[in-house]
Amino acid sequence: MELKEQVYSLLLVSAADKFNRSISDLLPENIYYPIKTVSDMGSAKRELLDRSYDIVIINAPLPDEFGHELCITAVEQTDAGVVFLVKAAQAEQLLAPLNEQGVLLLSKPFTTPLFLQAMHMAAAGNHRLQRLRQENARLQDKIGQLRLISRAKCCLVEHAHMTEAEAHRYLEKQAMDTRRDRAEVAQEVLEEYADRSE
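Residue 169 in the numbering used here sits at position 169 of the sequence shown, with consecutive numbering throughout.
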């Protein structure tokens, strides 16, 4: 089985031009594209509001704040995997609080393999979060359909004087006979009885 590689959009927040070029050179374009670079927290926050990114890399310090506040903002307001690059001296005190928030902290200087591993972990975290959100949306949709069907059954019990079992069978049969799902039939029943009561 051949696995298709996913492409991840990336926001790099860093004020160091030389560093930005070296980071961009490390990241294969067939996996990380596009790479948008901004130099400060204000620009990064605006960018995160304008579009969604799969991964956010923050290189501390930033001109308008150290960078840890932006990490927390990115984690709380986006699905992005967040990687925080910070000098070893500050890394120790920030590790525990940022780790609890779900931020990957990487001490500078770092090796290329370690950096790429952090990137893979951030991408995996983003991918997992997106799958969880899709599953949550699917479950919310299912719950909505079940509520609709339940309301239609109550409507049939109240207005058509059916038992609950009869109402259930009626909705099932209508769905089967018309080759539609039960939620569509339930919506139709609710609309029909809403029209009659007006």
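Ideal placement from N, C-alpha and C gives every residue a C-beta, glycine not left out. From a predicted model like this one, the values you see are computed outputs, not experimental measurements.
- If you draw a 10 Å sphere on the C-beta of ALA88, you find fewer than 16 other C-beta atoms in it, and that means exposed.
- In this structure, the CA atom of ALA186 is about 24 Å from the CA atom of GLU135.
- With three or more CB-CB distances shorter than 8 Å, the stretch 146 to 165 counts as touching the stretch 173 to 190.
- Per DSSP, SER9 lies in no alpha helix (DSSP H) segment; the continuous beta strand (DSSP E) that holds it begins and ends at 8 to 13.
- In the displayed model, THR37 falls within a strand according to three-state DSSP.
- Between PRO109 and the set ALA194, LEU85 and ALA183, the nearest pair of CA atoms involves LEU85.
- Classified as exposed, THR178 has fewer than 16 neighbouring CB atoms from the shown chains inside 10 Å of its CB.
- ILE57: not part of any alpha helix (DSSP H); member of the beta strand (DSSP E) spanning 55 to 59, first to last residue.
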